[in-house]
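**Student:** Each position in the sequence shown, counted from 1, maps to that position plus 329 in the working numbering. By construction, the Cβ of each residue, glycine as well, lies at the ideal position given by its N, Cα and C atoms. Would you mind keeping the following structure in view while I ask a few things?
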Amino acid sequence: MTKSPRASEPRAWQRMLSGRRLDLLDPSALDIEIEDIAHGLARVARWNGQTSGAHIYSVAQHCLLVEILARVRAPRLDRSGRLAVLLHDAPEYVIGDMISPFKVVIGDAYKTVERRLLSAIYRRFGLPPKPAPELQKLIKIADLQAAYLEATRLAGFEAAEARRFFGRPPEISPALERDYLKPWPAETAQHRYLERYRKLAAD
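So this is what it looks like as structure tokens:
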């Protein structure tokens, strides 16, 4: 029996718990839901899971830390800018958090898919599909600052090694460190990510 061309095509979409089907090759903003993003990111491990603690350090928790660091660096950042920071790693709810060394190995394919997904996600939530250069720079700096903190507090890096890869460490209050650098259970990360999104969306 001959298979139809459609049946022989590899599947390039993922079904979400919401029932949405998101096409990785041609993602539509209409197929993106914040609940799916929060659920997925809360269960994706940073550092390939090589962190200390009873729980993984999730991408959702990382994004919340990055958003705080961005606000500290740019206190006048507006609502849409803060939302763009919160969502900066949102594609990973579909494609996972691939560590930087492996991204180098596989080349541009991952980055191409990641860019398409991020553009669709930003459009879904009323943001420009590509942030302005100043905002991109802020996101990058805050992301590296978060990586330094995670590397030294959770992933076993020495300070000198982390500085070489991620730059200078940010100043962070003891209260913030106790909260945001202790891995949360998935349900907590999911709830807090959704809570922060809803606050920004309502402002």
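Short of 7 Å in beta carbon distance, which residues of its chain neighbour residue 330, apart from the five on each side in sequence? Order them along the chain.
**Tutor:** Low confidence applies here, because residue 330 scores a pLDDT of 48, under 50, leaving its location unreliable; read the following figure in that light. For residue 330, where only same-chain residues beyond five positions count, there are no Cβ hits under 7 Å.
**Student:** Are the segment 407-414 and the segment 480-497 touching, with three or more C-beta to C-beta distances below 8 Å?
**Tutor:** Judged by Cβ distances under 8 Å, the segment 407-414 makes no contact with the segment 480-497, as fewer than three pairs qualify.
**Student:** Could you please give me the residues that DSSP links to residue 351 through a beta bridge?
**Tutor:** Answer by DSSP bridge pairing, in chain order: 343.
**Student:** Helix, strand or coil: which one does DSSP assign to residue 387?
**Tutor:** Residue state, collapsed to three classes: strand.
**Student:** Could you say which of 498, 379, 389 lies nearest to residue 523 if we only look at CA atoms?
**Tutor:** Among 498, 379, 389, the Cα nearest to that of residue 523 belongs to 389.
**Student:** On the criterion of 16 or more Cβ atoms from any shown chain inside 10 Å, does residue 369 qualify as buried, or is it exposed?
**Tutor:** Label assigned to residue 369: buried.
**Student:** Report the rounded CA-to-CA distance for residue 446 versus residue 421, giving the unit in angstroms.
**Tutor:** Rounded to the nearest angstrom, the two C-alpha atoms are 9 Å apart.
**Student:** Curious, which full-length alpha helix (DSSP H) runs of at least 4 residues does the segment 439-482 contain?
**Tutor:** The segment 439-482 contains these whole alpha helix (DSSP H) runs: 462-482.
**Student:** Take residue 455 and list the residues in its own chain whose beta-carbon comes closer than 6 Å to its own, dropping the five residues that flank it on each side.
**Tutor:** So the list is empty, once near-sequence residues are dropped.
**Student:** Counting pairs of Cβ atoms below 8 Å between the segment 357-366 and the segment 504-513, do you hit three or more?
**Tutor:** As far as the Cβ criterion goes, the segment 357-366 does not touch the segment 504-513, which means the pair count is below three.
**Student:** Restricting to Cα atoms, I'd like to know which of 457, 383, 474, 371 is closest to residue 425.
**Tutor:** Among 457, 383, 474, 371, the Cα nearest to that of residue 425 belongs to 371.
**Student:** From what residue to what residue does the alpha helix (DSSP H) around residue 517 run?
**Tutor:** Taken as a continuous stretch (DSSP letters only), the alpha helix (DSSP H) holding residue 517 covers 515-531.
**Student:** Just to confirm, is the Cβ distance from residue 479 to residue 391 under 8 Å?
**Tutor:** Yes; because the gap between Cβ atoms is below 8 Å, this pair is in contact.
**Student:** Could you have a look at residue 505 and say whether DSSP puts it in helix, strand or coil?
**Tutor:** Reduced to three states, the DSSP call for residue 505 is helix.
**Student:** Leaving out five residues on either side along the sequence, give the residues of the same chain with a beta carbon under 7 Å from the beta carbon of residue 464.
**Tutor:** Contacts found: 410, 413.
**Student:** Nearest to residue 516 by CA position, among 373, 354, 357, is which residue?
**Tutor:** Checked all of 373, 354, 357; the closest Cα to residue 516 is 373.
**Student:** How about residue 518 and residue 468: are their beta carbons less than 8 Å apart?
**Tutor:** No, Cβ-Cβ distance for residue 518 and residue 468 is not below 8 Å.
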